[in-house]
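Student:
In the numbering used here, the protein residues as written are 6 to 218.
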């Protein structure tokens, strides 16, 4: 039993050393490729190494989560896509990994380093944050504003969950009057005043006519 365990341990160590040696060989080939072969091919090799390091993380992401791409594009500038807005690409020096994200305010650099491990950790943290955000969104209740159903039509059991202080504050706020309501009320009072004024004018005219006659 001891001999078998020792052989298994030595075999595992050999496989680990071999995988590390192959990884270092690929990095060295990419370094040589900066001069010998196309620059795009060197970028693709480095991004493939990053993808291999992130593969266990990709495998743990729920299959029913559609927001992830996890794909390597091989265009003019190879990119490792994480989702529709975030990807990893190589900088101009062909050795620096640059993890960027597109936002409404422009593109931001989330992480930038020449080592695979820090950029892999940054991508893993980003994936975890997005998954947590999605879980919180799915746990919350969505109120549909379509179909003509008023928002105030809330079941009693749901309304009972609202704190009393919030309900009292809602009742204390007076309803806002529409601008059209004030305009119509002013117009009505103006017409009433005009009719009263016309009536007074007619009465005065009748009195003067009677005195003249």
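Glycine included, each C-beta is placed from N, C-alpha and C at the ideal position.
Note that the structure is a prediction, hence the values are computed from the model and not measured.
Taking the CB atoms as reference points, tell me whether residue 79 and residue 103 lie closer together than 8 angstroms.
Tutor: Going by C-beta atoms, residue 79 is not nearer than 8 angstroms to residue 103.
Student: Out of curiosity, what's the CA-to-CA distance linking residue 53 and residue 97?
Tutor: Cα-Cα distance, rounded: 18 angstroms.
Student: Taking the alpha carbon of residue 129 as the reference point, which residue from 101, 90 and 61 has its own alpha carbon closest?
Tutor: The option with the nearest alpha carbon to residue 129 is 61.
Student: Would you verify that the beta carbon of residue 59 is, or is not, closer than 8 angstroms to some beta carbon of chain D?
Tutor: Any reference to chain D falls outside this structure, which holds one protein chain only.
Student: Give me the Cα-Cα distance between residue 84 and residue 73, rounded to the nearest whole angstrom.
Tutor: Cα-Cα distance, rounded: 14 angstroms.
Student: Rounded to whole angstroms, what is the Cα-Cα separation between residue 207 and residue 198?
Tutor: The alpha-carbon atoms of residue 207 and residue 198 are separated by roughly 14 angstroms.
Student: With which residues is residue 116 paired in a DSSP beta bridge?
Tutor: Answer is 104.
Student: With 16 other CB atoms within 10 Å as the buried threshold, where does residue 12 fall?
Tutor: Its pLDDT being 48, under 50, residue 12 is placed unreliably in this model, and the coordinates cannot settle the point.
Student: Could you tell me if residue 41 is buried or exposed, where buried requires 16 or more neighbouring beta carbons within 10 angstroms of its beta carbon?
Tutor: Residue confidence for residue 41 is low, a pLDDT of 46 falling below 50, so the modelled location carries little weight; the figure read from the coordinates is stated next. Residue 41 is exposed by the Cβ-count criterion.
Student: Classify residue 133 as helix, strand or coil using the three-state DSSP reduction.
Tutor: Residue 133 falls in the helix class under three-state DSSP.
Student: Where does residue 93 sit, in a helix, a strand or coil, going by DSSP?
Tutor: The answer is strand: DSSP assigns residue 93 an E or B state.
Student: Please state the DSSP three-state secondary structure of residue 88.
Tutor: Looking at residue 88 - three-state DSSP - the assignment turns out to be strand.
Student: Looking at the unbroken alpha helix (DSSP H) that takes in residue 47, where does it start and where does it end?
Tutor: Segment 44-65, the alpha helix (DSSP H) holding residue 47.
Student: Excluding the 5 residues preceding and the 5 following residue 222 in the sequence, name in chain order all residues of the same chain whose CB lies nearer than 8 angstroms to its CB.
Tutor: The question about residue 222 has no answer, for the chain in this structure spans 6 to 218.
Student: What is the DSSP secondary structure of residue 205, counted as helix, strand or coil?
Tutor: Helix at residue 205.
Student: For residue 88, I'd like the list of residues in its chain whose CB is within less than 6 angstroms of its CB, leaving aside the five on either flank, ordered along the chain.
Tutor: Around residue 88: 72, 73 and 74.
Student: Between which two residues does the beta strand (DSSP E) harbouring residue 77 extend?
Tutor: From DSSP, the beta strand (DSSP E) with residue 77 extends over 73-78.
Student: Does the beta-carbon of residue 47 have 16 or more other beta-carbons within 10 angstroms, so that it is buried, or is it exposed?
Tutor: Flag for residue 47 reads buried.
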